[in-house]
Amino acid sequence: MYNMLDMPAGVVSTGTVRREDDEALMDDTQWATDGNILLKWMRSAAANSVGLPVGVQVVAMRWEEEKCLGLMNAIEAMAKAQKK
């Protein structure tokens, strides 16, 4: 959608959902919904997603492609460093 608006955008893969992430999602002390219907729906939709890819979408203003690419590069470097 952002590309249709002539805004530079891209997605960076940052890894996959781990079992610990999935367990934390279901733990009300770590990820409380406080009765919020939207948060409950999000929790339900994301449950049992171990192994699925996780990514970050980066968007910049028009004519700022270098900022978008620079941020994508930084996110990718941080994701790789955490895997080590």
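All you need for the working numbering is the position in the sequence shown, starting with 1, plus 4. The beta carbon of each residue, even a glycine, is placed where N, CA and C say it ideally should be.
Q.
Three Cβ pairs or more, each shorter than 8 Å: is that satisfied between the stretch 29 to 43 and the stretch 70 to 79?
A. no
Q.
The beta strand (DSSP E) that contains residue 59, what's its start and end?
A. Start at 1 with the first residue of the sequence shown, and residue 59 comes out as number 55. In the DSSP assignment, residue 59 falls within the unbroken beta strand (DSSP E) covering 57 to 63.
Q: Please state whether DSSP places residue 53 in a helix, a strand or coil.
A: Walking along the sequence shown from the start, residue 53 turns up at place 49. Coil at residue 53, not helix or strand.
Q: Could you spell out the range, first to last residue, of the beta strand (DSSP E) harbouring residue 39?
A: Walking along the sequence shown from the start, residue 39 turns up at place 35. Unbroken run through residue 39: none, as it is neither H nor E.
Q: Output the distance between the C-alpha atoms of residue 56 and residue 20, rounded to the nearest integer angstrom.
A: Mapped onto the sequence shown, residue 56 falls at position 52. Mapped onto the sequence shown, residue 20 falls at position 16. Distance between the alpha carbons of residue 56 and residue 20 is about 5 Å.
Q. If you drop the 5 nearest sequence neighbours on each side, which residues of the same chain put their C-beta closer than 6 Å to that of residue 64?
A. Your numbering for residue 64 matches position 60 in the sequence shown. Cβ neighbours of residue 64 beyond the five flanking positions: 12, 71, 72.
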